[in-house]
Structure formats: C-alpha cells, structure tokens
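Same order as they appear, the protein sequences are chains A and Y. If you read the first sequence in the numbering used here, its first letter stands for residue 35, the second for the next number, and so on. If you read the second sequence in the numbering used here, its first letter stands for residue 35, the second for the next number, and so on. Even for Gly, the Cβ is constructed at its ideal location relative to N, Cα and C. So the structure is just underneath, and the comments pick up after that.
2 protein chains.
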Amino acid sequence: MSTRASKRQKTEEKDAYHLIYWPGVPGRGEHIRLALEEAGAEYTDTAHQEDGMKTVTSLISDQNTGDSHNPPPLAPPALKHGEYIISQTPNILMYLGPQLGLVPDVSEDPVGIYHVNSLTLTALDGLSNEPHDVHHPIAVGEYYENQKDEAKKKAKDYRESRLPKFLAYFERVLSGDASKGGEYLYVNGVSFAFPKCVEKLKGSGKYDKVFKHYEMVKGRENIKSYLESDRRQEYSMGIYRHYPELDDE
Amino acid sequence: MSTRASKRQKTEEKDAYHLIYWPGVPGRGEHIRLALEEAGAEYTDTAHQEDGMKTVTSLISDQNTGDSHNPPPLAPPALKHGEYIISQTPNILMYLGPQLGLVPDVSEDPVGIYHVNSLTLTALDGLSNEPHDVHHPIAVGEYYENQKDEAKKKAKDYRESRLPKFLAYFERVLSGDASKGGEYLYVNGVSFAFPKCVEKLKGSGKYDKVFKHYEMVKGRENIKSYLESDRRQEYSMGIYRHYPELDDE
C-alpha cells in the first residue's frame with residue numbers, strides 16, 4: 035500500500051515497485067523503503083497488505099523454482115518491478131539507485147555506483163548483519179534464550195571492538211575527499227539495540243561526523259515525513275533487538 | 035604478477051587490473067581471481083608480489099582517507115583499475131562482470147546482472163561468510179582456541195542445518211528455467227573445511243545438480259588451467275579451515 039498514491043499521478047502498473055517483505059518489523063526491508071521514500075517513489079509493501087505474509091511465504095517456498103525470467107529468491111526482501119523479481123538487499127538497492135537518482139550519474143562518475151555499493155555492503159555487514167548475529171551467535175533457527183551465554187560474549191565483542199571499528203571506518207570515509215561532504219545514505223537500528231553503548235560512543239566525540247550525518251539523514255524532508263508516518267514500523271524482535279543484558283551496563 | 039603476460043598482447047597500464055589481497059591463502063581474493071582467470075584477463079596480484087603485504091596494509095591503514103575519486107576500503111580484496119579503486123567482493127565482481135563478459139548482455143537481458151549478483155551474494159553468505167563464522171562465532175579478533183566450544187556448537191548447526199539449506203537452494207535454482215542449464219559460476223572451499231560432511235551430503239543424492247555444476251566449473255578450460263598453476267594458493271588458515279573436530283564424525 036502506498037498512502038501517497040492519492041497525492042501523486044498514478045504510476046502505470048508496469049513501472050510500479052512492489053516491495054515483498056515480512057510484516058511486523060522494519061527488518062532488511064527498511065533499507066529498500068528508505069531508498070524509495072527518499073526518492074518519493076510510489077510503491078506497494080506487503081508489510082501493510084492483509085495477505086502480505088502469504089505473498090512472502092509463497093515467494094520463498096521450497097516449491098518455487100522461479101520462472102524463465104527470474105531465479106527464485108532465498109529470502110526476502112524482494113522487489114517486483116514489471117516482470118522482474120530482484121532479491122538480496124544490496125542488490126535491490128543497486129538496481130534502484132540509478133532509477134531513483136540516488137547514485138551519481140554514470141556520465142559524470144563512472145564508478146560512483148560501485149563506491150556507493152561498497153559502502154552499502156560494509157554498512158550492512160557491520161550495522162545490520164553483525165547486530166543480528168549478536169543475539170543469534172550459534173544457530174539462527176534456535177531461540178535466543180538457548181544461546182544467551184554465547185550472545186553475551188558476542189555482544190561484549192560487538193560493543194567494544196566491532197561497532198567502534200565500523201564507526202571509525204565511516205568517520206574516516208566522511209573525512210575523505212570522495213565523500214563530498216557526505217551525500218551517502220545509511221541509517222541504522224544499532225542505537226535501538228544498544229542504546230547505552232551508542233550513547234557512550236557518541237559522547238566520546240570520536241565519531242562526530244558519523245552522528246552528524248545520521249541526524250542529517252533523519253532530517254531530510256522525505257525521510258522525516260516517512261519516519262513520522264504509519265508506514266514506518268517499530269523495531270521489536272527483528273534484526274535489531276533490545277536485550278538490556280547485551281548492552282553496556 | 036601475471037604469468038600469462040608473455041602469452042598475450044600487453045595490456046596498457048590504464049586498462050590493467052590489479053588485485054590487492056593478502057598473500058598466503060586464497061581467501062576472498064579467490065572469487066575475484068576465478069572471474070579474471072575464467073575470462074582470461076591479464077592482472078597483477080599482490081599475493082604474488084614481494085611487497086604485496088605492504089600494499090594491502092597501506093590500503094587499509096587507519097590513516098587512509100582515500101582520494102577525490104575513491105573512498106578508502108575497509109578491508110581487502112580491492113581492485114585497482116586505472117584511477118579507480120573498488121572494494122567489497124560482490125561489488126568488484128559486479129564491476130568486472132560486464133567488462134569480462136561474465137554476465138548476460140544488458141541489451142538481451144536487462145536484469146541478468148542483478149540475478150547473477152543475487153546468487154553471488156547468497157553464495158558468499160552461505161558458503162564463504164558462514165563457514166568463516168563457524169570457527170570464529172564470538173569474536174573475529176580472538177583465537178579459535180578461545181572460542182572452540184562455541185565453534186563446535188555452531189559447526190553442528192552449519193553442517194546439519196545451514197549448509198543443507200544453501201545446497202537445497204542452489205539445487206532449486208539449477209532446477210528452474212532461469213538457470214538456463216547452469217551457466218553461473220560459483221566455487222567453494224566448504225569441502226576443504228568439512229570434507230566428511232560434504233561427502234555425506236553429496237552421497238545423499240539430494241544436491242546432484244549442485245555437485246555436477248561444481249565439477250563442470252572446475253573442468254572449464256581456463257579454470258582448470260588456473261587451479262593447476264602456481265597462481266592458485268592452498269587453503270590453510272583462512273576463511274576455510276579444516277578442524278576435524280568441527281566436521282562430521
């Protein structure tokens with residue numbers, strides 16, 4: 035559903051974007067939503083559709099071998115666009131980037147899209163995949179409660195070593211000439227999962243460019259309006275989970 | 035160094051590919067090498083250069099903020115091509131794919147490259163990143179010996195749940211119409227790390243298309259010649275590690 039449809043000229047079906055992702059948490063679908071919202075694109079979202087869950091499960095069913103145009107996706111998010119289905123978060127972003135005007139034009143900067151993609155992949159590694167692995171260090175198919183001891187150890191390493199490493203990296207990127215003052219877009223739920231730790235790191239003053247950039251992104255007109263809308267779902271038991279015992283004391 | 039240089043017309047420096055990766059193990063650099071070797075491209079490789087290690091460390095130094103064309107990479111592999119430096123394994127492959135003719139031509143299949151990229155990302159997740167995490171489930175910066183108990187638990191889950199899941203997925207992809215008989219390229223070191231487990235899964239007959247595809251790729255002229263050359267390094271203590279205690283009994 036796009037609550038914006040009424041405000042805009044109707045997009046033809048062949049050009050419409052359809053996001054297929056689990057309802058209930060922002061999850062990995064959120065990276066796609068933020069790109070679509072920033073660009074003001076019209077899209078539907080299974081997270082807000084009555085039969086959304088069914089669309090997701092049938093897409094990733096063991097029985098789905100895809101069709102002549104598309105291999106089957108392993109997992110959501112997927113983007114349906116015309117007759118095509120594209121999967122894997124950074125891949126969808128790379129597909130959308132030029133279409134939504136979110137990456138440098140190839141005639142001006144032939145490798146800009148690859149630089150954006152490398153930053154996207156690095157942000158997804160350190161600020162999305164690793165925070166997920168913190169609460170599921172042993173087995174993704176098992177309950178958190180069954181791997182809590184290991185999760186505590188991994189959380190300590192994430193807070194003390196990994197998160198500062200990634201923040202320092204992005205601080206360095208934003209210090210470099212290629213960042214052009216920081217046009218790139220990355221937003222994260224790490225501060226939901228580890229509020230005390232993030233507050234401490236922010237207070238250290240070592241990652242000021244990163245946190246300033248984060249505020250700038252949150253304040254962009256379309257992103258701000260999205261975050262305040264009912265299209266934005268709450269963090270809860272998805273990738274980013276707030277277990278106080280995994281945060282700083 | 036390219037031992038093939040003598041056999042070919044000399045590539046001009048501005049067009050030459052330079053792979054920057056740790057010497058000593060195939061590692062993530064291997065995915066890039068296989069693409070370059072399959073295409074018969076000329077390239078240099080820091081893994082075979084006397085000062086290769088220094089090139090890698092200076093590239094990923096805390097002091098490197100990149101230049102006006104390039105943000106700094108977080109980690110190798112990186113590809114230097116003319117004035118550009120591209121990082122992140124799947125990103126480099128996506129950059130090389132069209133240049134080396136390893137992805138469908140955009141005029142015939144506008145989204146072929148995105149489908150190849152989604153399969154690449156999935157293969158890297160399940161057959162490269164996860165096997166690495168098996169021997170380092172808690173902290174990448176700590177010794178294996180300090181997280182051996184957790185590694186045993188994670189290895190059990192990987193062998194019994196994750197690896198079969200990814201093999202079943204690729205079997206499904208290869209069963210689908212979009213695979214066109216299996217032109218795509220993915221090769222892995224999982225059978226080095228978990229030889230007994232892989233032998234068992236192979237013997238089950240459930241993943242015949244995957245293993246047949248693997249043999250086909252290994253038998254391709256350029257890949258075969260590469261694997262037999264001194265450009266190919268041995269697996270040892272990199273991503274793929276053979277700890278008998280982490281394999282099936």
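Just how far apart, CA to CA, sit residue i and residue j?
| i | j | result |
| --- | --- | --- |
| residue 216/Y | residue 69/A | Low confidence applies here, because residue 216/Y scores a pLDDT of 46, under 50, leaving its location unreliable; read the following figure in that light. Distance between the alpha carbons of residue 216/Y and residue 69/A: 33 Å. |
| residue 79/Y | residue 183/A | 42 Å |
| residue 56/A | residue 92/Y | 43 Å |
| residue 112/A | residue 64/A | 12 Å |
| residue 104/Y | residue 151/A | 12 Å |
| residue 146/A | residue 278/Y | 44 Å |
| residue 71/Y | residue 154/Y | 17 Å |
| residue 238/Y | residue 98/A | 22 Å |
| residue 194/A | residue 178/A | 21 Å |
| residue 96/Y | residue 110/Y | 14 Å |
| residue 163/Y | residue 192/Y | 12 Å |
| residue 261/A | residue 249/Y | 50 Å |
| residue 116/Y | residue 144/A | 12 Å |
| residue 268/A | residue 258/A | 15 Å |
| residue 49/Y | residue 126/Y | 15 Å |
| residue 263/A | residue 190/Y | 44 Å |
| residue 47/A | residue 84/A | 20 Å |
| residue 251/Y | residue 137/Y | 15 Å |
| residue 236/A | residue 140/A | 36 Å |
| residue 121/Y | residue 280/A | 32 Å |
| residue 142/A | residue 142/Y | 26 Å |
| residue 38/A | residue 76/A | Residue confidence for residue 38/A is low, a pLDDT of 42 falling below 50, so the modelled location carries little weight; the figure read from the coordinates is stated next. If I take the Cα positions, the gap works out to 7 Å. |
Considering only their Cβ atoms, is the gap separating residue j from residue i smaller than 8 Å?
| i | j | result |
| --- | --- | --- |
| residue 188/Y | residue 165/Y | no |
| residue 270/Y | residue 90/Y | no |
| residue 100/A | residue 160/Y | no |
| residue 156/Y | residue 66/Y | no |
| residue 135/Y | residue 256/Y | no |
| residue 205/Y | residue 230/Y | no |
| residue 174/A | residue 185/A | no |
| residue 119/Y | residue 107/Y | yes |
| residue 149/Y | residue 265/Y | no |
| residue 102/Y | residue 212/A | yes |
| residue 276/Y | residue 226/Y | yes |
What residues in its chain sit with their C-beta under 7 Å from that of residue i, if we drop five residues either side in the sequence?
| i | result |
| --- | --- |
| residue 208/A | 216, 243, 244, 247 |
| residue 61/Y | 55, 272, 273 |
| residue 158/A | 123, 124 |
| residue 181/Y | 170, 171, 172, 173 |
Using C-beta distances below 8 Å, list every residue in its chain close to residue i, excluding the 5 sequence neighbours before and after it, in chain order.
| i | result |
| --- | --- |
| residue 87/Y | 56, 57, 80 |
| residue 234/A | 282 |
| residue 176/Y | 170 |
| residue 224/A | 161, 165, 197, 232, 274 |
| residue 94/A | 106, 107, 108, 109, 110 |
| residue 254/A | 72 |
Can you pull the chain A neighbours of residue i, defined as C-beta to C-beta under 7 Å?
| i | result |
| --- | --- |
| residue 125/Y | 148, 151, 152, 155 |
| residue 121/Y | 152 |
| residue 212/Y | 100, 101, 102, 103, 104, 105 |
| residue 59/Y | In chain order: nothing, as chain A lies at least about 20 Å away. |
| residue 145/Y | 118, 120 |
Run through chain A and tell me which residues come within less than 9 Å of residue i, C-beta to C-beta.
| i | result |
| --- | --- |
| residue 270/Y | Chain A residues near residue 270/Y: none, gap ~24 Å exceeds 9 Å. |
| residue 62/Y | Here the premise fails: no neighbours, minimum Cβ distance about 12 Å. |
| residue 67/Y | Simply none; closest approach about 19 Å. |
Please list the partners that residue i has in chain A, where partner means a Cβ-to-Cβ separation under 8 Å.
| i | result |
| --- | --- |
| residue 173/Y | 187, 188, 191, 195 |
| residue 184/Y | 171, 172, 184, 187 |
So residue i contacts chain Y; which residues on that side make the cut at Cβ distance below 8 Å?
| i | result |
| --- | --- |
| residue 209/A | 99 |
| residue 129/A | 145, 148 |
| residue 265/A | Going along chain Y, no residue has its Cβ under 8 Å from residue 265/A, so there is no contact; the nearest lies around 25 Å. |
| residue 254/A | Those within 8 Å of residue 254/A in chain Y number zero; the least Cβ separation is about 21 Å. |
Just the chain Y side, please: which residues come within less than 9 Å of residue i by C-beta, in chain order?
| i | result |
| --- | --- |
| residue 274/A | The premise fails here: residue 274/A is roughly 19 Å from chain Y at the closest Cβ pair, so nothing lies under 9 Å. |
List, in order along the chain, the chain Y residues whose C-beta lies closer than 7 Å to that of residue i?
| i | result |
| --- | --- |
| residue 203/A | 108 |
Below 6 Å CB to CB, which residues in the same chain sit around residue i once its five sequence neighbours on both sides are set aside?
| i | result |
| --- | --- |
| residue 130/Y | 69 |
| residue 52/A | 78, 114 |
| residue 128/A | 151 |
For a minimum of 3 consecutive residues, which ranges assigned as the beta strand (DSSP E) are wholly contained in the stretch 164-230 of chain A? You should have found no qualifying run.
3 or more residues per run - each beta strand (DSSP E) lying fully within the stretch 92-151 of chain A: Here the runs fully enclosed are 112-115, 118-121.
Ordered list of beta strand (DSSP E) runs contained in the stretch 51-86 of chain Y, each at least 3 residues: DSSP runs (the beta strand (DSSP E)) wholly in the stretch 51-86 of chain Y: 51-54, 77-79.
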